[in-house]
Amino acid sequence: MTAEVETKYPVQIMDGLLQLRVPIPNNPLGWVLPYLIEGRDGWTLVDSGWNVPEAFDALEQQLNDAGVGFRNLKTLLVTHIHPDHYGLAGQVKERSGATVIIHQRERDLIRSRYRNPEQLLATMGDWLIMHGVPRDSMDDLKTSAMPVRAFVDPVEPDEVVWGGERLPIGRFEFEVWWTPGHSPGHICFLERDKKFILTGDHVLPTITPNISVHPQQQGNPLGDYMASLKRLEDLDVTTVLPAHEYTFQDLRARLRSIEKHHEERLAEMIACVGDGPRTAFEVARRIKWVTGTLDSFSPWMQRAALGETLSHLDYLVLEGRLSKRLEDGIQYYEVVATSR
């Protein structure tokens, strides 16, 4: 029996394009996949990793193994400001002087999420209670995301994009695609001539990214996400380079699979509301989650599941299939008669 050979990173995807792998300790995702792109006067890094020693050391080692090092980084592109993508941005900036580029909507979140989280905490408790979280669980859920903020060394961007820009980098010319949903300012990078796309967390080979409503992301994130998926359907690409898991080829098939997953989840939400009325937390307790029941989750995972549930419930309200009402400070969802 032949022993499996572990892949050594960085991996060359094609001339001028390398895939790195940076660990995310104590997290089921395992690692993030940054990308290194050769330019005419230096290199561009897409995403970075958590601000922890294991991640920094892996990033530094792989940059050195590529013959690049921090000294030759000219640009850092950030797909979105979640810790596994943005966490090391400050250290990368400090060591390289690279120009940091982020979508405008993500820049707007940096202050409230990482520089002034007390303001977010001040509103989080009432928000959790409104959506049915028991008071004896509220404090744990309220503070559950605070430790994650320690994994970010925040830095303000030098430039912002809105989507639609062209970024020439060496032999490549990337188009910036604004793909909100997983995060309000999430962006992908399309190389149309060479038929590949860097998708960040927007499209992953087997995982469906968390799409949540929370105090910093109101509106209709699931609707935004589904519309963002639709925009990619007609792209002529042969290689998809995501930020987690592995490279894959059939973008259209994966888009259809993700859309089907959310359609099934929406139907399950209606069934879980049942004869109602139900709070979002009650619905989340009834949903079948891949990794267990809501009550078995950590407070951080419970809050993520609540946000995911809310994005689907509010989507159904906007479609006219559910209604919602506020009673004594608690929000309830009910099935509209024609959807029963």
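Residue 0 is where the sequence shown starts when you use numbering that gives the first Met the number 0, and the numbers rise one by one after that.
All C-beta atoms, glycine included, are put in the ideal place defined by N, C-alpha and C.
In this text the structure is predicted, and so the values were computed from the model without any measurement.
Query raised in the report: Is there contact between the stretch 270-285 and the stretch 216-233, where contact requires at least three CB pairs shorter than 8 Å?
Result: no
Query raised in the report: Is E232 helix, strand or coil when you go by DSSP?
Result: Here residue 232 refers to the residue found at position 233 of the sequence shown. Reduced to three states, the DSSP call for E232 is coil.
**Report entry** Proximity to P116 [Cα-Cα], best of K229, E326, L312, P214
**Finding:** In the sequence shown, the residue the question calls residue 116 occupies position 117. Ranking the options by Cα distance to P116, first place goes to P214.
Requested in this report: With DSSP as the reference, label K92 as helix, strand or coil.
Outcome: Taking the sequence shown and counting its residues from 1, the one referred to as residue 92 is at position 93. Three-state DSSP puts K92 in a helix.
Query raised in the report: What three-state label does DSSP hand S143 in the structure shown?
Result: Counting from 1 along the sequence shown, the entry for residue 143 is found at position 144. In this structure, S143 counts as coil in the three-state DSSP scheme.
Report task. Use the C-beta contact count for H260: other C-beta atoms within 10 angstroms, 16 or more gives buried, fewer gives exposed. Result -> Position 261 of the sequence shown, counted from the start, is the residue given in the question as residue 260. Exposed is the call here.
Query raised in the report: How many angstroms separate the CA atom of P153 from the CA atom of L72?
Result: The count along the sequence shown starts at 1 and reaches residue 153 at position 154. The count along the sequence shown starts at 1 and reaches residue 72 at position 73. Whole-angstrom Cα-Cα distance: 18 Å.
Query raised in the report: How long is the line joining the alpha carbons of F188 and A336, rounded to whole angstroms?
Result: Here the question's residue 188 lines up with position 189 in the sequence shown. Here the question's residue 336 lines up with position 337 in the sequence shown. CA-CA distance, F188 to A336, rounds to 43 Å.
Query raised in the report: DSSP state of V45, grouped into three classes?
Result: The residue given as residue 45 occupies position 46 in the sequence shown. In this structure, V45 counts as strand in the three-state DSSP scheme.
Query raised in the report: Under 8 Å, do E258 and M300 count as touching if we go by C-beta distance?
Result: The residue given as residue 258 occupies position 259 in the sequence shown. The residue given as residue 300 occupies position 301 in the sequence shown. For E258 and M300, no; Cβs fall outside 8 Å.
Requested in this report: Check whether the Cβ atoms of H78 and D200 sit closer than 8 Å, and answer yes or no.
Outcome: As a position in the sequence shown, residue 78 is number 79, starting the count at 1. As a position in the sequence shown, residue 200 is number 201, starting the count at 1. Reading off the sequence, residue 78 comes out as Thr, not His. Yes. Within cutoff.
Report task. Quick one: measure Cβ to Cβ for S95 and F69, integer angstroms, because I've assumed they're closer than 8 Å. Result -> Numbered from 1 along the sequence shown, position 96 holds the residue referred to as residue 95. Numbered from 1 along the sequence shown, position 70 holds the residue referred to as residue 69. That pair is a contact at about 4 Å.
Query - Beta-bridge pairing of P22 - partner residues as DSSP gives them - result: Here residue 22 is taken as the residue at index 23 of the sequence shown, counted from 1. In DSSP, P22 forms a bridge with W30.
Report task. Can you grab the Cα-Cα spacing for the pair E373 / K323, in whole Å? Result -> It is not possible to answer for residue 373, since the shown part of the chain is limited to 0 through 339.
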